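Read the structure below first, then the notes.
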Amino acid sequence: MSENQASAGSPNGESLKEKLLRGSVLADSNAQEAIPILEAVQKDVVAVSLFSQNETLEDVSTKTIPFLALEHLLAIAYTNLPASPGKIVERKSNILKCCDLWAAFLGRLERLEQLTKEEEKEFHELLEETDISKPMPVPNRDIKIAKFKAQQEAKKEAQQLKALRERRGRMGMAADEEVDGHDEESLERSIFLKQLELQKSDALEQWASSKRELPMIEMMVKMEEERKRTQKHQGGPPVQDTRPPPNSGKPLQLTQVTKSATGQLQFNRSEVRSKVFQPGWNQPTMSLEELGEREYHEAMEREERSKLAEAENMNKPRRYKELVRDGMEDNKELVDASAKLDRDWDDWKDQNPRGSGNKHAMRGDKNF
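When the letters of the sequence shown are read in order and numbered with our numbering, they come out as residues 1 to 368.
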């Protein structure tokens, strides 16, 4: 598809490019609204044969580069769909659809030779792992640090390119004038390619995370199927008494009649609370399906908190040797903060020399 086709308007006056931008914004904030928009864009892209199997990245025009990430944006929207109670099978279907979309997105980038050797290896490992009941291995710390560092560097470069574009706009430069080696066309293309690099990294991470989520979902689906089979063999779910309970508020009264030693009758009245007739053990407050859903949501929340905490810890000031260990020695702000920490530590050691707190060393005869 040409650039004019990408910018062509739909019946409601909105171009494909504008629809793609609106869908990408809504993918995180309102997935239910984003999905039909992105699926409509996908249908139009297929109808006009935007991309071919034998083209290279140089053959893709600058204005159509954002459409390469269409499947990734659609997968993000499906991932962000809220998991409705009692609809775990629907959640499983959505996650499997996301995996297919990421496979299509990364497969196209592989054909365009936009994956590194490490990314190709990770892509094929995810592609070949078809057993959804088998847990995915968790990447080690060094790999996670390297990926985080690469993502931060790519984000920084993308911000610099966007700042350069804003500067060109403020200066009112012509399209063919160059600033820092970029005219308007090459700068726009560099921005789109850098965004595609970030989306590629995010797709690999999100795909692996979804693969790790699937075994939990599969377990919950089996629990639900087992519950339904049990109910079927027992003649359906237990019928509950829908009659309203008596609302007198008065406890049950018992009258005990005994005879005294003199032969007179004695009447002893006692009140029996309703709780006396309850079983002596705790009753279940939720079904197995509800328990599974709660544990699933808690596991997802723990994973999200872990990711946020890890990202925050990576940007916290620490000793310079720790920055070197984590591969963050190129971050100027953290290096400046680490220099202050190192100075404070050196000052503390100067004020508290080794052995100064050992009071026992001051005891005894000074002549010996």
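Glycine included, C-beta positions come from ideal geometry on N, C-alpha and C. All of these numbers come straight from a predicted model, not from anything done at the bench.
Membership of GLN152 in the alpha helix (DSSP H) is indicated by the continuous run 141 to 171. In terms of CA proximity to SER15, ILE37 leads the group ALA31, ASP28 and ILE37. In this structure, DSSP gives SER15 an extended state, which the three-state scheme calls strand.
Take LEU193, set aside five residues on each side of it, and the residues of its chain with a beta-carbon closer than 7 Å to its own are ILE65, in chain order.
Sorting GLU55, GLU177, LEU74 and LYS63 by C-alpha distance to the C-alpha of ALA31 places LEU74 at the top. Annotated three-state conformation of THR258 is strand, per DSSP. Burial is judged here by how many other beta carbons sit within 10 angstroms of a residue's own beta carbon; VAL60 has at least 16 and is buried. ASN313: member of the alpha helix (DSSP H) spanning 288 to 314, first to last residue.
About 15 Å separates the beta carbons of ARG189 and VAL179, which is beyond the 8 Å limit, so they are not a contact pair.
One thing to note: ILE191 has its Cβ no nearer than 8 Å to the Cβ of ARG170.
Within a 10 Å sphere around the beta-carbon of ASP350 sit fewer than 16 other beta-carbons, which makes this residue exposed.
Nearest C-alpha to GLN151 among VAL138, SER201 and THR130: SER201.
Within the same chain, Cβ atoms closer than 8 Å to the Cβ of GLN195 are found at PRO66, ALA69 and ALA158, the five residues on either side in sequence being excluded.
Contact annotation: ILE132 and LEU204 have beta-carbon atoms that are not nearer than 8 Å. DSSP places HIS233 in the uninterrupted alpha helix (DSSP H) bounded by 184 to 233. For the options SER24, GLU71 and LYS134, the alpha carbon positioned closest to that of LYS43 is the one of GLU71. In this structure, the beta-carbon distance from PRO135 to ARG212 falls below 8 Å. Counted as a single uninterrupted DSSP element, the alpha helix (DSSP H) harbouring ALA34 occupies residues 31 to 47. For PHE67, no alpha helix (DSSP H) encloses it, and the DSSP letter there is neither H nor E. By the CB criterion at 8 Å, PHE51 and ARG108 fall inside the cutoff. Within 10 angstroms of the beta-carbon of ARG91 lie 16 or more other beta-carbons, which makes it buried.
With contacts defined as CB atoms closer than 8 Å, ALA208 and LEU126 qualify as a contacting pair. By the neighbour-count criterion, in which a residue is buried when 16 or more other Cβ atoms sit within 10 angstroms of its Cβ, LYS63 is buried. Between ARG227 and GLU293, the CB-CB gap reaches or exceeds 8 Å. When the Cα atoms are used, GLN234 and VAL89 turn out to be separated by approximately 23 Å. Nearest to LYS332 by C-alpha distance, out of ARG325, TYR320 and ARG343, is TYR320. Here VAL179 carries a strand assignment [DSSP, helix/strand/coil]. For GLU197, the CB contacts under 7 Å within the same chain, skipping 5 residues up- and downstream, are ALA154 in chain order. In this structure ALA77 is in contact with ALA27, their Cβ atoms being roughly 4 Å apart against a cut-off of 8 Å.
Sequence-distant Cβ neighbours of SER338 in its own chain, meaning closer than 7 Å and more than five residues away, are PRO317, ARG318, ARG319, TYR320 and LEU323. Between the beta-carbon of SER210 and that of ILE35 there is about 16 Å, and that puts the pair past the 8 Å contact cut.
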